[in-house]
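Asks:
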């Protein structure tokens, strides 16, 4: 068993998550895909930690989790807000970013 | 669980870990794919939760016991549940149409994903990834102790900052979702006046159900001419496409009653069985999903809503005249 | 530490701008008087500068120097030589008259009701003019290149609003089209000058890098420090570096000046803006360009200047002839004056790059004289346009009969523009010609063509607008009002005075020109034959 | 005495300032102020003249240095005056004729509401002309030179409501400017060559022969160009005929007696330069000879009395130029003819003005006729001027013209014969066209026509203010030549400045006189043959091609139009197009290109978050790719 396996898996999951972000329109699902990407990153970090024999990678993964949690909190709040005002959770409900 | 941890603790990888990896990794990938491809957000969330649990196992296998537990408790347990709560709050369009609206988006996304994947894998291949050093030494005092000693020494500033970040996130989320009342509440009188002024819907909305034979909230009431009143059902249900159609039998009964009444009173029959949008569809639970799933659900219901609104003032006017 | 006279001269109009802008909407008249007061105060300070300047003294006088951004060697360094004094005096003299001339130009128009209490076009107009004045004076006084650059660029902002925001009343094409053209002109002005400014910025940075690599105390932007270091041999530029830097500076100044073929923004800008703003552009703001050629291009890059001279002279000659010919072909009198200015700027550049004391003194005098002469012509044209509401020459005729004083002042302005002896421009134009001819005879003779063409376009303009039978539109045209006469009269007196007795100015300018020439390292060509007195 | 020189200039300058700035208050007395100031100037001139006469012949040069005008490095221009015999002659001519014409204008412009301004302009002209002849250096001369051009412009265009007058004024100024370039370039060359342009330094240096002949020729030719412009010599002659649009006193003062002769002054003043440049001298002679004949031919064909006289002026100045080109042999006589011409031509113009005054401003001689009985004083004074100009023996023209013809023969060789022949031919033509004017105007039958408004003309003698100047000028015309030749007074007076030389003439003085008189009589006879014997047709006969061309000023305007105006117009229009489409087009095109590009690029920014996400991921992928590639390399 070599670290490469874990890394490949992480890469695969990351790519899947990225595709999801690009393809899905439901903001919540998009958000979930982002989470998937973060988790893929965490997996790689954990694998690196074991590879190098120190805990810094795990620390990093820990921080990623914390920040992700914060992100989820704020992100979901934003989605709720958005839904309240637009009655939709679709990310391209309107081309909002265009003036 | 103990076998797994024991496996991971060893510096050299064992065949057991390989087996575990090759069994769990495909499931994790399948979960990821499911997250992306499932039409319903709830299903996506469940798939993601599955993937996360498997990842937690991988963490454990890699000697990150603390993280593995945290992954399950915090991530899968708390964060994903938060997702589900929000889904219940928001998830009216429970299913996402998979029809792409942006031109070339899917193609570009695929290209990007493919390119990114190839590049990542190429990068991994190029990097000199050695073998596992193993965490036996680092975890000698225990994984949690090791993490803690690092966290509270070298990474203490970052730790404090993330703490602040979390606090801010919590406050921010409360602030965002909290609706500040800028002006005072309208009194009932004012509300009533406003309603009269707008002239949209003066009397209370009609109650759901048909002739007390049904009192379910998902069945629209019938108007005097036999059409279902959209105002009588909760709009959220309508959004979700969970409105039950009025049964054909009930309509036929109504028509029969009308006919009999007409015969009794000796006047010409004016009421014909009304046509309905949902005539062709069977009025079952499964069938209710269909219009919504076709992606036109919103529009259709919107039209009905308009009809209902058009009827509203008429009815109100008649009532007022009486 | 003596009184910072130059700073005061530059800051006073800026204070005036703020004060004017702050006047409440209803007190329009007060704003006008306030602006006039501040511009007169600036004039008084400029007079103090003139009096405190010793023609025979140091090269740069009234200097002020403070560290500003030590990390990059940027200093707040001010100082004037004779050329700078002359230009500051010009600016200070012109602006009060512009305020007088534009007294009612920015008032809310008939039928326009104030859109709100904050709607204060009059205040804005005068505040912007004062702001431009402050920045121009600062550019003339700055001896730190970075400081100069900042004001050189910053003056574009108020100018942009002056051009785009205020136009002539009720044009021949209707309000909407006019406002569209005005926007076009303002944007064109801004883009042209910004483009030049950005190229200059690159050159400024390049200059800093070049000095930082060689000087012991680190890089510097100080003109004096660089000139001295070059003279002492501590600082040398590689040939290509110097040429590139020169081009970077020169391009910006040539756009501002403007030199053919970078001139096309000027007719638009002058044509669309009100007469006082047009004067501000051509008489004051553009002079920064030619002034900077003299001070920075020649002072910093003498070898490159000599290297570029043939091309610059050719461009200047083309400007002279081309501008005059195009002036002949114009149907819009403001554009005509703009093209005439292009021709005159050709003369100024010709004089600067002729590299003779007559040429450069003439060019400096020319800047002053052209400013005043064009002011007369343009302001009277503006008065004329405000009476009839059209800029087209063909819409006039026979004004002389109805408004003889207006016609007379217009003629004087025109005659000054065509450099009639006895008016200021003649002295300067002749000096430029003498300076050019003594080194480049062919160029001198070609430039003489400008003399004839100037007569043609001025007199054709005069003939078509002022003479001939009166028309229904010009029959009852009122003559100059006292306010207008008070604006034009002193300017005309000044033009005539400078034509008859330019010695006070030449005495100030001469030493500065000699310094510049010694920077470049050239001397006037000696006469072929020593005349026996 | 030197300080009086500035005082010559001051009165007219003051007058111009007061009259032009004074406003309506001065309307009632303005003309008298102007006249009085001109007379003051004349009085000062007389005082100075008396002073000069009191000095030795070699000590008659006064200079006055007022102040340093433009001191820049080696370039030192001063406001300084120089009064010697040559300038004194001009000063006397200008102030005396000027004063008379001021007086005449009082009557002539009586009904013009802008009379005050007219006198302001006249005073301005006097000041500029005095500056021109008093200047101590070429640059100051240039100021006067353009100053008189300005005054001429203002006065030709005095009746600005007439488009023809405005056009003529503009034309005069512009054509003069072409000549002025010549003077400007001449000064440039002088400064480059000698480092100075003061008379007192340039002229001796030129005489020393330090500079190459090419340089001197260049200076000479440029001075000639200037003279051509100011003195209406071929090829810059076209403005003079049109200049007759101005009021008649203006034509008399500026376009006959004084300003147009400034070219002759310039050439005589720069005699030393021309002496050092024989080629330039030859050019002067050629120009003079050509103009002499050209002007005469034009004068023969014109029906407009003023334009006929203008042709005559050109022709007479041609005489002077020719004489000036001959060098010291001719300088004195050029000036002498200039002075006598100043008297009789001014008188003739005033007479013409008087006739027009009586004939409702009619200028066509074919509508005059038989006026001698209605305007006796005009007839007599005009007749005396006429006799003087055709060179009737012992009148002023006789002396000056004969001397020029004699000097022309004195050129020697073939050139001498040719020039002599040309000048004689000119004398004959002069007699012809002047007789024609005389007969058409004063003799024969009445051919009067009502004017455009239908008023019948009632010819009458002009008021006293007009006749007195005419009488004075007539006296001058008759006596000047005789007085000048008394004891060679004029030659002795001028020769210290101009120098004098005797040519080796193949013919004697007497022969020349007899020949000139004979030719003159032939001219008179032909004119009488054509116009005196039979009634004059009211409309001019078509005539042969020469006549037709001469009526159109020998096609000069057509030539200018075809050679300069039309190409200039096309060039201008073309350049306007080029500027708009090409120079500006490049800029606008660049702007449009950027605009189009950004329009395209803008579509990428469609506002959909997912599109942006794609570009972000694409960018990330690109970055990774680049990093990997960099590592691989």
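Chains as they are written, first to last, in the numbering used here: chain P, 1 to 99; chain Z, 100 to 421; chain E, 422 to 954; chain W, 955 to 1587.
Virtual Cβ for every residue (Gly too), placed ideally from N, Cα, C.
Since this is a predicted model, take the numbers as computed values, not measurements.
Quick check: what's the CA-CA separation for residue 703 of chain E versus residue 1531 of chain W?
Replies: Position 282 of the third chain holds residue 703 of chain E. Position 577 of the fourth chain holds residue 1531 of chain W. Their Cα atoms are separated by approximately 23 Å.
Asks: Are any of the Cβ atoms in chain P nearer than 9 Å to that of residue 1518 of chain W?
Replies: As a position in the fourth chain, residue 1518 of chain W is number 564, starting the count at 1. Answer no: the Cβ-Cβ gap between residue 1518 of chain W and chain P never drops below 9 Å.
Asks: Decide yes or no for the touch test of the region 1220-1229 of chain W against the region 1150-1157 of chain W: beta carbon pairs closer than 8 Å, at least 3 of them.
Replies: At 8 Å Cβ cutoff, the stretches touch.
Asks: Chain Z partners of residue 1558 of chain W, CB-CB under 9 Å?
Replies: The residue you call residue 1558 of chain W lines up with position 604 of the fourth chain. By Cβ distance, chain Z contributes nothing, its closest Cβ being about 11 Å from residue 1558 of chain W, past 9 Å.
Asks: Counting beta carbon pairs with one atom in the region 1059-1075 of chain W and one in the region 1487-1502 of chain W, are three or more of them shorter than 8 Å?
Replies: Contact fails: fewer than three Cβ-Cβ distances are below 8 Å.
Asks: Answer with yes or no whether the minimum CB distance from residue 22 of chain P to chain W is below 9 Å.
Replies: For the purposes of this step, residue 22 of chain P is identified with residue 22 of the first chain, where counting begins at 1. For residue 22 of chain P, the answer is yes, since a Cβ of chain W falls inside 9 Å of its Cβ.
Asks: So which residues of chain E does residue 1114 of chain W contact, with C-beta pairs closer than 9 Å?
Replies: As a first step, residue 1114 of chain W must be located in the fourth chain, where it is residue number 160. Neighbours of residue 1114 of chain W on chain E, chain order: 819, 821, 822, 828, 884, 887, 888, 889.
Asks: Is residue 1587 of chain W close to chain Z, meaning its C-beta is less than 9 Å from at least one C-beta of that chain?
Replies: In the fourth chain, the residue the question calls residue 1587 of chain W occupies position 633. By this cut-off, residue 1587 of chain W is not an interface position.
Asks: Using 10 angstroms around the beta-carbon of residue 978 of chain W, count the other beta-carbons present and answer buried if the total reaches 16, otherwise exposed.
Replies: Stepping through the fourth chain from its first residue, residue 978 of chain W is reached at position 24. Exposed, because fewer than 16 other Cβ atoms sit within 10 Å of the Cβ of residue 978 of chain W.
Asks: Name, in chain order, the residues that DSSP records as bridge partners for residue 1058 of chain W.
Replies: The residue you call residue 1058 of chain W lines up with position 104 of the fourth chain. Answer by DSSP bridge pairing: none, since residue 1058 of chain W is not bridged.
Asks: Which residue wins for smallest C-alpha separation from residue 1461 of chain W, given the options W:1455, W:1454, W:1469?
Replies: Taking the fourth chain and counting its residues from 1, the one referred to as residue 1461 of chain W is at position 507. Nearest C-alpha to residue 1461 of chain W: W:1469.
Asks: Counting C-beta neighbours from all protein chains within 10 Å, is the total for residue 15 of chain P 16 or more, i.e. buried, or is it exposed?
Replies: What you label residue 15 of chain P is simply residue 15 of the first chain in a count that begins at 1. Residue 15 of chain P comes out buried.
Asks: Using the Cβ count rule (16 or more neighbours within 10 Å means buried), how would you classify residue 966 of chain W?
Replies: Position 12 of the fourth chain holds residue 966 of chain W. Under this definition residue 966 of chain W is a buried residue.
Asks: Just to confirm the assignment, what range does the alpha helix (DSSP H) spanning residue 942 of chain W have?
Replies: The structure shown does not extend to residue 942 of chain W, since chain W is modelled only from 955 to 1587, so the question has no answer here.
Asks: Secondary structure at residue 449 of chain E, three-state DSSP: helix, strand or coil?
Replies: Taking the third chain and counting its residues from 1, the one referred to as residue 449 of chain E is at position 28. Three-state result, residue 449 of chain E: helix.
Asks: Applying a beta-carbon distance threshold of less than 7 Å, which residues of chain W neighbour residue 779 of chain E?
Replies: Here the question's residue 779 of chain E lines up with position 358 in the third chain. Neighbours of residue 779 of chain E on chain W, chain order: 1026, 1027, 1029.
Asks: For residue 393 of chain Z, which three-state DSSP category applies?
Replies: Taking the first residue of the second chain as position 1, residue 393 of chain Z is located at position 294. Unreliable placement is indicated for residue 393 of chain Z, whose pLDDT of 38 sits below 50; the coordinate value is still reported in the next sentence. Correct three-state label for residue 393 of chain Z: coil.
Asks: Just grab the DSSP bridge partners of residue 481 of chain E for me.
Replies: Translated into positions along the third chain, residue 481 of chain E becomes position 60. In the DSSP output, where bridge partners are listed per residue, residue 481 of chain E has none listed.
Asks: Return no unless some Cβ of chain P is closer than 9 Å to the Cβ of residue 1564 of chain W.
Replies: Translated into the one-based positions of the fourth chain, residue 1564 of chain W becomes position 610. Output row for residue 1564 of chain W: interface = yes.
Asks: How about residue 1064 of chain W and residue 1116 of chain W: do their beta carbons lie closer than 9 Å?
Replies: In the fourth chain, counting from the first residue as 1, residue 1064 of chain W sits at position 110. In the fourth chain, counting from the first residue as 1, residue 1116 of chain W sits at position 162. No; because the gap between Cβ atoms is not below 9 Å, this pair is not in contact.
Asks: Check the DSSP bridge columns for residue 978 of chain W and list the partner residues they point to.
Replies: In the fourth chain, the residue the question calls residue 978 of chain W occupies position 24. Answer is none; residue 978 of chain W lacks a bridge partner.
Asks: Is the beta carbon of residue 1108 of chain W closer than 9 Å to that of residue 1201 of chain W?
Replies: Here residue 1201 of chain W is taken as the residue at index 247 of the fourth chain, counted from 1. Here residue 1108 of chain W is taken as the residue at index 154 of the fourth chain, counted from 1. Contact flag unset, no.
Asks: With contact counted as at least three CB pairs below 8 Å, one residue from each stretch, are the region 433-442 of chain E and the region 551-567 of chain E in contact?
Replies: Flag = yes, the region 433-442 of chain E and the region 551-567 of chain E touch.
Asks: Residue 913 of chain E: buried (16+ other C-beta within 10 angstroms of its C-beta) or exposed?
Replies: Reading the third chain from its first residue, position 492 is the one you call residue 913 of chain E. So residue 913 of chain E ends up on the buried side.
Asks: Residues of chain P with CB under 7 Å from residue 358 of chain Z, in chain order?
Replies: Working through the second chain from its first residue, we reach residue 358 of chain Z at position 259. Correct list: empty, because the minimum Cβ distance to chain P is about 42 Å.
Asks: Less than 9 Å separating the beta-carbons of residue 726 of chain E and residue 779 of chain E?
Replies: Along the third chain, one-based indexing puts residue 726 of chain E at 305. Along the third chain, one-based indexing puts residue 779 of chain E at 358. In this structure, residue 779 of chain E does not lie closer than 9 Å to residue 726 of chain E by Cβ.
Asks: State yes or no: is the beta carbon of residue 18 of chain P nearer than 9 Å to at least one beta carbon in chain A?
Replies: Annotation note: the requested chain A is absent from the structure, which comprises protein chains P, Z, E and W.
Asks: Between which two residues does the alpha helix (DSSP H) harbouring residue 1099 of chain W extend?
Replies: Mapped onto the fourth chain, residue 1099 of chain W falls at position 145. It spans 1092-1110 - the alpha helix (DSSP H) in which residue 1099 of chain W sits, taken as one unbroken run.
Asks: Which residues in the same chain as residue 1476 of chain W place their Cβ atom closer than 8 Å to its Cβ, once the five residues preceding and following it in sequence are excluded?
Replies: For the purposes of this step, residue 1476 of chain W is taken as the residue at position 522 of the fourth chain. Counting only Cβ-Cβ distances below 8 Å, and skipping sequence neighbours, we find 1382, 1385.
Asks: On a CA-only basis, which of Z:327, Z:212, Z:356 is nearest residue 1572 of chain W? Give me that one, please.
Replies: Counting from 1 along the fourth chain, the entry for residue 1572 of chain W is found at position 618. Of the candidates Z:327, Z:212, Z:356, the one whose C-alpha sits nearest the C-alpha of residue 1572 of chain W is Z:212.
Asks: Taking all protein chains shown into account, decide if residue 10 of chain P is buried (16 or more other Cβ within 10 angstroms of its Cβ) or exposed.
Replies: Working through the first chain from its first residue, we reach residue 10 of chain P at position 10. Its Cβ being crowded by 16 or more others within 10 Å, residue 10 of chain P is buried.
Asks: On the DSSP letters alone, give me the boundaries of the alpha helix (DSSP H) that residue 1267 of chain W sits inside.
Replies: Within the fourth chain, residue 1267 of chain W is the residue found at index 313, counting from 1. 1259-1279 is the extent of the alpha helix (DSSP H) around residue 1267 of chain W.
Asks: Quick one: grab the DSSP three-state call for residue 1559 of chain W.
Replies: Translated into the one-based positions of the fourth chain, residue 1559 of chain W becomes position 605. Residue 1559 of chain W falls in the coil class under three-state DSSP.
Asks: Could you tell me whether the Cβ atoms of residue 931 of chain E and residue 1026 of chain W are closer together than 9 Å?
Replies: Translated into positions along the third chain, residue 931 of chain E becomes position 510. Translated into positions along the fourth chain, residue 1026 of chain W becomes position 72. In contact: residue 931 of chain E and residue 1026 of chain W (Cβ atoms closer than 9 Å).
Asks: By how many angstroms is the C-alpha of residue 1078 of chain W removed from the C-alpha of residue 1374 of chain W?
Replies: By 1-based counting over the fourth chain, the position of residue 1374 of chain W is 420. By 1-based counting over the fourth chain, the position of residue 1078 of chain W is 124. Whole-angstrom Cα-Cα distance: 40 Å.
Asks: Between the alpha carbons of residue 717 of chain E and residue 475 of chain E, how many angstroms are there, rounded?
Replies: Along the third chain, one-based indexing puts residue 717 of chain E at 296. Along the third chain, one-based indexing puts residue 475 of chain E at 54. Cα-Cα distance, rounded: 22 Å.
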